[in-house]
Amino acid sequence: MIAVHGQGDIIGAEGAFADFFHEQVVSRDVVGKVAGLLESARGAGATVVYTRIAFEPDYSNLVANSPLLKMVLQRENLKDGARLTEIIDPLAPTADDVVITHQRVGGFVGELTDVLEQRGIDTVLFAGVATNVSVESSARAASDLGYRVVIVEDACSTATPEAHEASINSLGLLADITVSKDITWTVAEQPA
1 MIAVHGQGDI IGAEGAFADF FHEQVVSRDV VGKVAGLLES ARGAGATVVY TRIAFEPDYS
61 NLVANSPLLK MVLQRENLKD GARLTEIIDP LAPTADDVVI THQRVGGFVG ELTDVLEQRG
121 IDTVLFAGVA TNVSVESSAR AASDLGYRVV IVEDACSTAT PEAHEASINS LGLLADITVS
181 KDITWTVAEQ PA
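FYI, UniProt numbering numbers position 13 of the sequence shown as 13, with every residue one higher than the one before it.
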């Protein structure tokens with residue numbers, strides 16, 4: 001399971017991107033659904049991976065080549081080590097979970113592929129924010145890399161219901177779309 005961008009600055013009420021994402025996170029109960037998925041994944045022995053976006057405090061590792069990343073500079077957020085850059089408490093990682101920090105919109109720029117390959121994972125399940133940005137970017141990359149992709153539709157959100165629906169409709173060509181109540185975990189034994 002890959003939990004995408006459950007960070008205070010992105011989904012929290014006081015975060016820098018609250019005006020974009022917080023309302024839909026609350027109305028769709030994304031935090032509750034992702035927390036439930038995390039608990040069930042851990043209970044089944046599945047690998048839990050978090051992706052979080054964070055930059056050096058001076059932004060020396062930020063390439064602001066898109067409007068969204070330019071907003072990070074303008075809003076002065078997502079600085080590594082800052083309280084609101086961390087995963088929010090209801091979704092907090094455990095010691096057994098893997099936390100991947102990256103500097104691009106999608107989570108597959110960096111060490112995520114290596115983590116999945118080392119564990120023999122061939123199917124990735126995505127839940128989190130934002131459906132049409134980081135979830136979609138990561139899911140498309142996963143599909144291109146040969147992973148089976150599952151999107152938990154009701155455990156994702158973005159700025160508007162319309163943008164969420166458009167993204168889910170597009171992703172339906174590359175991923176299995178499901179809802180949290182229908183998730184069952186099958187974990188293959190990993191080689192020693």
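Glycine included, C-beta positions come from ideal geometry on N, C-alpha and C.
All of these numbers come straight from a predicted model, not from anything done at the bench.
Close CB contacts of threonine 178 within its chain, under the 8 Å cut and outside five residues either way in sequence, are with Val150, Ile151, Val152, Glu153 (chain order). Taken in chain order, the complete alpha helix (DSSP H) segments of 4 or more residues contained in the region 118–182 are 136–144, 161–171. For leucine 125, the closest alpha carbon among the candidates Trp185, Asp144, Asn77, Ala82 is that of Trp185. Collapsing the DSSP output to three states places phenylalanine 55 in a strand. Under the Cβ criterion (8 Å, minimum of three pairs), the region 62–69 does not count as touching the region 42–51. When the Cα atoms are used, proline 161 and aspartate 122 turn out to be separated by approximately 30 Å. In summary, asparagine 61 is exposed, with fewer than 16 beta-carbon neighbours lying within 10 Å of its beta-carbon over all protein chains present. In this structure lysine 79 touches phenylalanine 55 by the C-beta definition: roughly 6 Å separates them, less than 8 Å.
Looking at Ala142, Glu136, Ala95, the one whose alpha-carbon comes closest to that of glutamate 117 is Ala142.
Counting along the chain, the unbroken beta strand (DSSP E) around valine 99 starts and ends at 98–102. Ranked by how close their Cα comes to the Cα of glutamate 136, the residues Gln74, Asn169, Leu112 have Asn169 in first place. Around the beta carbon of threonine 94, fewer than 16 other beta carbons sit within 10 angstroms, so the residue counts as exposed. Residue burial annotation: alanine 41 is buried, with at least 16 other C-beta atoms found within 10 angstroms of its C-beta. Secondary structure note for valine 72: it is in no beta strand (DSSP E), and the uninterrupted alpha helix (DSSP H) holding it is 67–75.
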